[in-house]
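Read the structure below first, then the notes.
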Amino acid sequence: MRYRTLLRTVPGAALILSLAACGSEHAPGDGAGGTGSVRPSASPATSLTVQVRASKDAAPTTWTLTCDPVGGDHPDGAKACAALRTGAASAFAKPRPDQMCTDIFGGPQTAQVTGTWNGKPVSATFGRADGCQVSRWNAVAPLFGNVVRN
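The sequence shown lines up with residues -27 to -1, 1 to 123 when you count with mature numbering (1 follows the signal peptide of the UniProt record, and there is no 0).
Next up, the structure:
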């Protein structure tokens, strides 16, 4: 009987806590008693330089990319920005030193990404030498253009 009571109580408590975390009914700066103001950003929160090489000996291709609004000379900035929104957190994360990776060679392509992502500085190197690197590459593949043709 206690088990059934617990099963009914826990979801209800979780719902109440999640609703309580939603905050007040007024958004900050909406004029409802606050003094907040909206200031336009001086620069986009995401502004990157992307340098890609098809192989070790290939000449690099370099693009610039800004998101929100999409800009720069990247060949498909909208697709690259969409990939960043969904995959950049894992792609820009530092690999764990104890991480085990499959020995699958994905290709000789490499990329260097520098600049700011969501207002934070980034400097990341990408490759396709093993399964972990291929996974990071694939998370933001549109950022690298059509260097890899599957």
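Just so you know, even glycine gets a beta-carbon here, dropped at the ideal spot from N, CA and C.
In its chain, beyond the 5 residues on either side, Q85 have a beta carbon closer than 6 Å to the beta carbon of T98. Counting only residues of its own chain and dropping the five nearest sequence neighbours on each side, S96 has a CB closer than 6 Å to the CB of T87. With a cutoff of 8 Å on beta-carbon distance, V43 and A56 are scored as not near each other. Counting along the chain, V25 sits inside the beta strand (DSSP E) bounded by residues T19 to R26. In chain order, P81 and Q82 place their CB closer than 8 Å to the CB of S28, counting only its own chain and leaving out the 5 sequence neighbours on each side.
Per DSSP, L116 is not a residue of any alpha helix (DSSP H), being assigned neither H nor E.
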